[in-house]
Amino acid sequence: MAHLYRGEIHRMKLWRERLDRTSNWAVTLIAAILTYAFSGSDQPHYLILVGVVMVTVFLIIEARRYRGYDMWRSRVRILQRNVFAYSLDPSQGIEDPDWRPRLSRDYRVPRTKISYEEAIAHRLRRVYLPLVTVLLVAWLVRIHFISGGQNWPASAAIGMLPGWIVITFIGGFYALLAGITFRPRVWQATGELRRSDVGAWDDIE
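Residue numbers for the sequence shown follow my numbering, so the first one is 4 and each next one is one higher.
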């Protein structure tokens, strides 16, 4: 059991590193795009929107990786809750009496535990919503104050697309991200440490 647990920890660690690697790429891309977009007034504002598209691609990739990470993390949490926690304090009993057949089924037929939408919500809350918000603020500053003499909303135009269409599309996209991030849901990623859980433990202590 100790070797099994160590192997699962190692696998979870590798997938955790893959998540961090994608986030680092996204931050590096944002820094490069913003540096170039604000290097001169003649740079087109839609370069920042290209950054939004690329960060969204990273978000989708990371959500897929998070689903894989959650598979291994859920196994680790099963062992922690029902083997090691019980060994340290048997008076609390077994948290999940069905944990053995459930873990056995997962080893026989591995499957993802959470939906793609929940994985996207997790990554938006943890990393990507602040990143895309930085891009949105930078884009608004770019089209308002470095607009080449054009007035709002004409300064947001891209080629033949009028500015109001671009603004409507961007507003709808960010509203979609906010809806995915903050809508009430029952989280299927059990055992995931969240800020609300940290606050609850602070109250208990």
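Note that beta-carbon positions come from the ideal geometry of N, C-alpha and C, so glycine has one too. From a predicted model like this one, the values you see are computed outputs, not experimental measurements.
Can you give the Cα-Cα distance for residue i and residue j, rounded to whole angstroms?
i	j	result
A192	S90	24 Å
P104	L82	13 Å
R186	R145	30 Å
I168	W155	12 Å
Y72	R111	18 Å
I183	E121	8 Å
I123	A29	15 Å
L132	F87	36 Å
L127	G54	16 Å
I63	S94	44 Å
I12	F172	43 Å
A34	R68	23 Å
V137	H125	18 Å
R188	S77	19 Å
L139	G10	42 Å
W102	H6	18 Å
L164	K116	42 Å
Q46	Y119	36 Å
T31	W142	17 Å
M15	D109	15 Å
Y177	L134	12 Å
I149	S42	11 Å
Which word fits residue i, buried or exposed, when buried means at least 16 other C-beta atoms lie within 10 angstroms of its C-beta?
i	result
E65	buried
V130	buried
V56	exposed
L17	exposed
W190	exposed
F61	buried
N85	buried
M4	exposed
L48	Per the sequence presented here, residue 48 reads as His, with Leu not at that position. With 16 or more other Cβ atoms within 10 Å, it is buried.
Could you spell out the range, first to last residue, of the alpha helix (DSSP H) harbouring residue i?
i	result
A288	The question about residue 288 has no answer, for the chain in this structure spans 4 to 208.
A141	132-148
V60	49-82
D109	102-111
R126	119-126
S90	88-91
Report the partner residues of residue i according to the DSSP bridge assignment.
i	result
L180	The partner list for L180 (beta bridge, DSSP) is empty, contrary to what the question assumes.
I161	L164
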